[in-house]
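Okay, so the sequence shown: first residue is 561 according to the working numbering, each after it adds one. Below is one structure; the comments refer to it alone.
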Amino acid sequence: MPDADCERPSKLYRYGERHALERSLTLGEFRLQPAAEAVAESRQILPFQTRAARAMPASTYLTLSLAKVWQPQLFDAFPGADCCLIIHDAEQFGERIHRAAAKMLPTWAGIDAAISYGVPSPLGRAFSKNRRDANQEEWLFAWRPTQPTAALQSIVIQIGSIEAFAELRDRIV
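Here's what the structure looks like:
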């Protein structure tokens, strides 16, 4: 099984509706959402491998997904997407995201890495997707509780303005 790609790319891209991405740019506001698919294989690496985690469904993970590449066709992959947030310093962004999440979720473990397409990621099913989705080239931030927890709700974190190292680009029709 290949190693997980945990080296952040130089840039990250988030496709969505302008009004939401403006808040991301000016306030650093991002929604962490429960993962959609079932997770937790026994082959996951730390911090995602505890016994409790093996039995947890993916819905107990909160995630934030971005793309590693600029691809105009990705506007079509997200309903209502008319804008793209381009983050020019993925390293600074990632550190700020993890700090803000740690403040709101102090007993949770967090990690970020590239999604693996068509082959299982050593990080588990939360980081694994079908080969047909490979054009999305996702970078995923994920957090899970260290203890079993009831169903989760989305939460919003704020990392402060990212205008110094990010910009918005409109969809060109």
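Yeah, the Cβ is synthetic: ideal placement off N, Cα and C, and Gly gets one too.
Taking C-beta to C-beta, are residue i and residue j nearer than 8 Å?
{"i": "alanine 674", "j": "aspartate 565", "result": "yes"}
{"i": "leucine 587", "j": "glutamine 713", "result": "no"}
{"i": "leucine 592", "j": "leucine 624", "result": "yes"}
{"i": "arginine 771", "j": "serine 584", "result": "Here the chain has residues from 561 to 733 only, and residue 771 is not among them."}
{"i": "aspartate 642", "j": "aspartate 563", "result": "no"}
{"i": "leucine 622", "j": "proline 594", "result": "yes"}
{"i": "glutamate 589", "j": "glycine 640", "result": "no"}
{"i": "threonine 620", "j": "arginine 704", "result": "yes"}
To which residues of the same chain is residue i closer than 6 Å at the C-beta, ignoring the five residues directly before and after it?
{"i": "threonine 649", "result": "For clarity, residue 649 is aspartate in the given sequence; the question names threonine instead. Answer for aspartate 649: Phe725, listed in chain order."}
{"i": "phenylalanine 653", "result": "Ile647"}
{"i": "cysteine 644", "result": "Tyr573, Tyr575 and Arg729"}
Could you tell me which residues DSSP pairs with residue i in its beta bridges?
{"i": "serine 676", "result": "Ser688"}
{"i": "aspartate 730", "result": "Cys643"}
{"i": "isoleucine 722", "result": "Note: isoleucine 722 sits in no beta bridge, so no partner."}
In its own chain, which residues sit with a C-beta less than 8 Å from the C-beta of residue i, not counting the 5 before and 5 after it?
{"i": "arginine 691", "result": "Tyr677 and Gly678"}
{"i": "serine 721", "result": "Leu585, Thr586, Leu587 and Gly588"}
{"i": "alanine 662", "result": "Trp668 and Gly670"}
{"i": "lysine 628", "result": "Pro569, Lys571, Leu572, Tyr573, Ala674, Glu697, Glu698 and Trp699"}
{"i": "isoleucine 732", "result": "Pro632"}
Between which residues of its own chain and residue i is the CB-CB distance below 7 Å, once the five residues before and five after are set aside?
{"i": "histidine 534", "result": "Outside the shown range of the chain, which is 561 to 733, sits residue 534, and nothing can be said about it."}
**Message:** For the pair the region 621-637 and the region 690-698, tell me if three or more CB-CB distances fall below 8 Å.
**Reply:** yes
**Item:** Every unbroken alpha helix (DSSP H) within the region 627-673, with a cutoff of 4 residues, ordered by chain
**Value:** 650-664
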